[in-house]
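Colleague: In UniProt numbering, the protein residues as written are 1 to 141.
Every residue, glycine too, gets a C-beta built ideally from N, C-alpha and C.
Questions regarding the structure given below will be posed in turn.
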């Protein structure tokens, strides 16, 4: 099996440490550890891969592969966007309905959707990449 670790931001190494600790247990001992990291720009791929390999070596974590994902900022596929829109449809504010205090934290306004458009695209795109790269993994962290 495989344990895939998605290093989305620097959390001090906890995201790497927990899966590594799991591999020391008999149930997960035969699993390979693959680490996925995000690169800000395509010209930083090699540097990011070396940096992640150095971090893993510093923590003495055995890994089978370090994969740097270059295109996380790319626009998500239309099918993924439609799936997201369908998922939140029941929570979107209707244009003629005001958001009252009772439903304030439950209902998503159009202004919120527009304000969070880039962040939403990043998360939808990460989902695409996760499904594409880690579909067959035994565990994804």
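1) Should residue 132 go down as buried or exposed, given a rule of 16 or more other Cβ atoms within 10 Å for buried?
2) Nearest-angstrom Cα distance between residue 75 and residue 137?
3) Would you mind sorting residue 125 into buried or exposed? The rule is 16 or more other CB atoms within 10 Å of its CB.
4) Inspect the CB distances between the segment 21-29 and the segment 49-59 and report whether three or more fall short of 8 angstroms.
5) Inspect the beta-carbon positions of residue 109 and residue 4 and report whether they are closer than 8 angstroms.
6) Leaving out five residues on either side along the sequence, give the residues of the same chain with a beta carbon under 7 angstroms from the beta carbon of residue 31.
7) Hey, would you say the C-beta of residue 120 is under 7 angstroms away from at least one heavy atom of the ligand GDP?
8) Shortest alpha-carbon distance to residue 65 belongs to which of 111, 36 and 13?
Modeller: In this structure, then:
1) exposed
2) 25 angstroms
3) Label assigned to residue 125: buried.
4) The segment 21-29 and the segment 49-59 do not touch, with fewer than 3 CB-CB distances between them shorter than 8 angstroms.
5) no
6) Sequence-distant Cβ neighbours of residue 31 in its own chain, meaning closer than 7 angstroms and more than five residues away, are 1, 2, 3, 23 and 138.
7) Within the structure as shown, the ligand GDP is missing, as the structure has no ligands at all.
8) 36
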